[in-house]
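Engineer:
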Amino acid sequence: MHPISQQHDPLFDQHIDRTDSNSIKWQKYLGQDVLPMWVADSDFKVPQAITDALHNHVDHGIFGYGSAPTALTELIIERMQRLYHWHVEPEWIVYLPGLVCGINLAVRSVCNDKQGVACPSPIYPPFKSSAKLAKRPLSKLPVELEDKRWLMSLDDSALLPDTRLLLFCNPLNPGGTVYRRDELQAVADFANQQDLIVCSDEIHCDLILESGCQHIPFASLSEEASQRSITLLAPSKTFNIAGLGASMAIIPNSALRKNFIRTRAGIVPDVNVLAYTAAQAAYEQGQPWLDRQLAYLRRNKETVEHAINAMPFLTLPPIEGTYLAWIDATKLPVASPFKFFEQAGVGLSPGADFGNPGFVRLNFGCRHQTLLEALGRMEKAVLALENEQMAKE
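Okay, so the sequence shown: first residue is 1 according to the UniProt record's numbering, each after it adds one.
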């Protein structure tokens, strides 16, 4: 593999054994020689400020019912204004114990029994399952490669009758596309023409890796976009605290917000107090750590892009955001690329879960050394397969 910059960061290069930490990522292949490169959490130790804040809370020794800290709400409002020039009112924020429940609540609160849901395809699996669980019709808008970027097709002919909600994802998972302003405006125009509410999953908004790209919240485009939006955010991917469960929906439209809150009542629990503590510490003191993580992930991204595109049968367009590589293995002469690489000792996410079995998704939110080992195993497997094919010819 082509050597990438030898710049190191001891904070992110350190090995942390996760095998005995109840990590679903690492338990999946426990006792097997398979590197887990699948589910979207990273192997990086969180900012020290988060650990310190949690220690202080634990030392207090009482864990009763809690409410959202005013300081956290103020941090989110300030963050949206500073980063995106998006004015958010405190009452717009609805705290959730996870982003996936926010997707499901959006489906059930926006659509009645006869109204349908649209989403990109391929897409993060809970988009599709949320419609299925709620027994709402699902329309799939194909995600297509345009000038080496994955973009959702805005084709009204793909919509089933009475579609009411569009589940959108920016940065795109999988695919890593960071939508430009004109592309977002096209989505807004499409939603306006079809009278769709847009639930925008923006959980990877802090993980922008491509130079020149900038995250733009869908709701910040205009007042009209704002009023037909539900924006889902969380510090979980950014700061690797997904297991604590602190997310938020930002819903400017009061009627949408009331329906959303009514739908969650008695079903979705409140955020736990330690999650609030971690989220506040992350947004308050986590930026220096995040800057270092982004630099590290950019090096990993360069490594992945070069290595995959140098392998026979595989292609990988540039990754603009997220730490997830959506690898095209459709030319790989095997029945299941996922099983092929799993047998080679690399546990990826199967593309079938997202809507295309010819692809696999690789999580490069890990030590550079681990990434190189995984890519080496993949390279060895595809080269052996190529040699087998050549021998048969």
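Positions of the beta carbon are idealized from the N, C-alpha and C atoms, including for glycine.
Identify, in the order they occur along the chain, each residue of the same chain with its Cβ nearer than 6 angstroms to the Cβ of Leu-151, setting aside the five sequence neighbours on each side.
Structural biologist: Indexing the sequence shown from 1 puts residue 151 at position 151. Once the five neighbours on either side are set aside, Leu-151 has no close Cβ partner at all.
Engineer: Suppose the cutoff is 6 angstroms on Cβ atoms and the five residues either side in sequence are ignored; what does the same chain contact list for Gln-285 look like?
Structural biologist: Translated into the one-based positions of the sequence shown, residue 285 becomes position 285. Cβ within range, chain order: Ala-49.
Engineer: Just the Cα atoms here: how many angstroms apart are Ala-131 and Glu-74?
Structural biologist: Reading the sequence shown from its first residue, position 131 is the one you call residue 131. Reading the sequence shown from its first residue, position 74 is the one you call residue 74. Spanning the two alpha carbons is a distance of roughly 33 angstroms.
Engineer: Asn-363 by DSSP, collapsed to three states: which one?
Structural biologist: One-based indexing of the sequence shown puts residue 363 at position 363. Of the three classes helix, strand and coil, the one that applies to Asn-363 here is strand, per DSSP.
Engineer: Could you tell me the distance, in whole angstroms, from the CA atom of Ser-67 to the CA atom of Leu-256?
Structural biologist: Residue numbering aside, residue 67 sits at position 67 when the sequence shown is read from its first letter. Residue numbering aside, residue 256 sits at position 256 when the sequence shown is read from its first letter. Spanning the two alpha carbons is a distance of roughly 22 angstroms.
Engineer: Can you pull the DSSP bridge partners for Glu-388?
Structural biologist: Sequence index remark: in the sequence shown, residue 388 carries index 388 (1-based). DSSP, once it has assigned bridges, lists no residue as partnering Glu-388.
Engineer: CB-CB under 8 angstroms to Val-268, same chain, minus the five flanking residues each way: which ones, in chain order?
Structural biologist: Counting from 1 along the sequence shown, the entry for residue 268 is found at position 268. Here the set comprises Leu-96, Pro-97, Cys-101, Leu-105.
Engineer: Secondary structure at Ala-335, three-state DSSP: helix, strand or coil?
Structural biologist: If you number the sequence shown from 1, residue 335 lands on position 335. Coil at Ala-335, not helix or strand.
Engineer: So does the segment 103-117 actually touch the segment 129-149, counting three or more Cβ pairs closer than 8 angstroms?
Structural biologist: Segments in contact, yes.
Engineer: Could you give the uninterrupted runs of the beta strand (DSSP E) lying entirely in the segment 295-327, keeping only those of 3 residues or more?
Structural biologist: Listed in chain order, there is nothing to give.
Engineer: Beta carbon of Tyr-323, beta carbon of Leu-297: below 8 angstroms?
Structural biologist: Translated into the one-based positions of the sequence shown, residue 323 becomes position 323. Translated into the one-based positions of the sequence shown, residue 297 becomes position 297. In this structure, Leu-297 lies closer than 8 angstroms to Tyr-323 by Cβ.
Engineer: Determine the DSSP secondary structure at Val-268, reduced to helix, strand or coil.
Structural biologist: Position 268 of the sequence shown, counted from the start, is the residue given in the question as residue 268. The answer is coil: DSSP assigns Val-268 none of H, G, I, E or B.
Engineer: Whole angstroms is fine: what's the gap from Ala-281's alpha carbon to Pro-47's?
Structural biologist: Position 281 of the sequence shown holds residue 281. Position 47 of the sequence shown holds residue 47. Near 9 angstroms, if we compare the C-alpha coordinates of Pro-47 and Ala-281.
Engineer: Quick one: measure Cβ to Cβ for Trp-86 and Pro-217, integer angstroms, because I've assumed they're closer than 8 angstroms.
Structural biologist: What you label residue 86 is simply residue 86 of the sequence shown in a count that begins at 1. What you label residue 217 is simply residue 217 of the sequence shown in a count that begins at 1. That belief holds up - the Cβ atoms of Trp-86 and Pro-217 are roughly 5 angstroms apart, short of 8 angstroms.
Engineer: Could you check what DSSP says for Ala-374 in three-state terms: helix, strand or coil?
Structural biologist: Counting from 1 along the sequence shown, the entry for residue 374 is found at position 374. In this structure, Ala-374 counts as helix in the three-state DSSP scheme.
Engineer: Looking at the structure shown, is Trp-92 part of a helix, part of a strand, or coil, going by DSSP?
Structural biologist: The residue labelled residue 92 in the question sits at position 92 within the sequence shown. Looking at Trp-92 - three-state DSSP - the assignment turns out to be helix.
Engineer: Relative to the alpha-carbon of Leu-274, which residue among Asn-22, Leu-35, Ile-62 has its alpha-carbon at the smallest distance?
Structural biologist: As a first step, residue 274 must be located in the sequence shown, where it is residue number 274. If we check each option's Cα against that of Leu-274, Ile-62 comes out closest.
Engineer: What's the gap between the Cα of Leu-232 and the Cα of Pro-288?
Structural biologist: Within the sequence shown, residue 232 is the residue found at index 232, counting from 1. Within the sequence shown, residue 288 is the residue found at index 288, counting from 1. Taking the straight line from one Cα to the other gives about 24 angstroms.
Engineer: Can you tell me the Cβ-Cβ gap for Ser-42 and Asn-240, rounded? I've got them flagged as a contact below 8 angstroms.
Structural biologist: Counted from its first residue, the sequence shown places residue 42 at position 42. Counted from its first residue, the sequence shown places residue 240 at position 240. About 5 angstroms; that satisfies the 8 angstroms criterion.
Engineer: What does DSSP give as the partner residue(s) for Gly-116 in the beta ladder?
Structural biologist: Walking along the sequence shown from the start, residue 116 turns up at place 116. In DSSP, Gly-116 forms a bridge with Thr-163.
Engineer: Among Ala-118, Ala-279, Arg-228, which residue has its Cα nearest to the Cα of Gly-243?
Structural biologist: Taking the first residue of the sequence shown as 1, we reach residue 243 at position 243. Per the Cα distances, Ala-279.
Engineer: Which stretch, first to last residue, makes up the beta strand (DSSP E) that contains Lys-140?
Structural biologist: Within the sequence shown, residue 140 is the residue found at index 140, counting from 1. Unbroken beta strand (DSSP E) run through Lys-140: 138-146.
Engineer: Is it buried or exposed, Ile-24, if we count other Cβ atoms within 10 angstroms and call 16 or more buried?
Structural biologist: The sequence position of residue 24 within the sequence shown is 24, counting from 1. The residue is exposed, with fewer than 16 neighbouring Cβ atoms inside 10 Å.
Engineer: Using a threshold of 8 angstroms, state whether the C-beta atoms of Trp-38 and Gly-175 are closer than that.
Structural biologist: On the sequence shown, residue 38 is found 38 positions in, with the first residue counted as 1. On the sequence shown, residue 175 is found 175 positions in, with the first residue counted as 1. Not in contact: Trp-38 and Gly-175 (Cβ atoms no closer than 8 angstroms).
Engineer: Using DSSP's beta-bridge definition, name the partner residues of Arg-180.
Structural biologist: Along the sequence shown, one-based indexing puts residue 180 at 180. Bridge partners of Arg-180: none, in fact.
Engineer: For Thr-73, report the span of its alpha helix (DSSP H) as first-last.
Structural biologist: Counting from 1 along the sequence shown, the entry for residue 73 is found at position 73. 70-84 is the extent of the alpha helix (DSSP H) around Thr-73.
Engineer: Please return the same chain residues whose Cβ sits closer than 8 angstroms to the Cβ of Glu-373, not counting the five positions on each side in sequence.
Structural biologist: Start at 1 with the first residue of the sequence shown, and residue 373 comes out as number 373. Leu-35.
Engineer: Could you tell me whether the segment 360-368 touches the segment 297-306, where touching means 3 or more Cβ pairs closer than 8 angstroms?
Structural biologist: The answer is yes - the segment 297-306 touches the segment 360-368, with three or more Cβ pairs under 8 angstroms.
Engineer: Could you work out which residue in Phe-127, Ala-118, Glu-144, Gly-245 is closest to Asp-195 when comparing CA atoms only?
Structural biologist: Within the sequence shown, the letter at position 195 stands for residue 195. With distances taken between Cα atoms, Asp-195 lies closest to Ala-118.
Engineer: For Pro-36, write down the residues that DSSP places opposite it in a beta bridge.
Structural biologist: The residue labelled residue 36 in the question sits at position 36 within the sequence shown. DSSP output for Pro-36 lists Gly-347 as bridge partner(s).
Engineer: Report yes if the CB atom of Phe-338 is closer than 8 angstroms to the CB atom of Val-382, and no otherwise.
Structural biologist: What you label residue 338 is simply residue 338 of the sequence shown in a count that begins at 1. What you label residue 382 is simply residue 382 of the sequence shown in a count that begins at 1. No.
Engineer: Once the 5 residues before and after Ser-5 are set aside, which same chain residues still bring their CB inside 7 angstroms of it?
Structural biologist: In the sequence shown, counting from the first residue as 1, residue 5 sits at position 5. Residue placement at Ser-5 is poorly supported in this model, since its pLDDT is 47, which falls under 50; the coordinates are not used for a value here.
Engineer: Compare the Cα-Cα distances from Pro-125 to each of Phe-354, Leu-207, Ile-203 and report the closest residue.
Structural biologist: Position 125 of the sequence shown holds residue 125. Checking every option, the nearest Cα to that of Pro-125 belongs to Phe-354.
Engineer: Does DSSP put Cys-101 in a helix, in a strand, or in coil?
Structural biologist: Locating residue 101 in the sequence shown gives position 101, counting from the first residue. Correct three-state label for Cys-101: helix.
Engineer: Output the distance between the C-alpha atoms of Ala-310 and Tyr-29, rounded to the nearest integer angstrom.
Structural biologist: The count along the sequence shown starts at 1 and reaches residue 310 at position 310. The count along the sequence shown starts at 1 and reaches residue 29 at position 29. Distance between the alpha carbons of Ala-310 and Tyr-29 is about 27 angstroms.
Engineer: Give every residue of the same chain whose Cβ lies closer than 6 angstroms to the Cβ of Lys-237, excluding the five residues on either side of it in the sequence, and list them in chain order.
Structural biologist: The residue labelled residue 237 in the question sits at position 237 within the sequence shown. So the qualifying residues of the chain are Ile-203, His-204.
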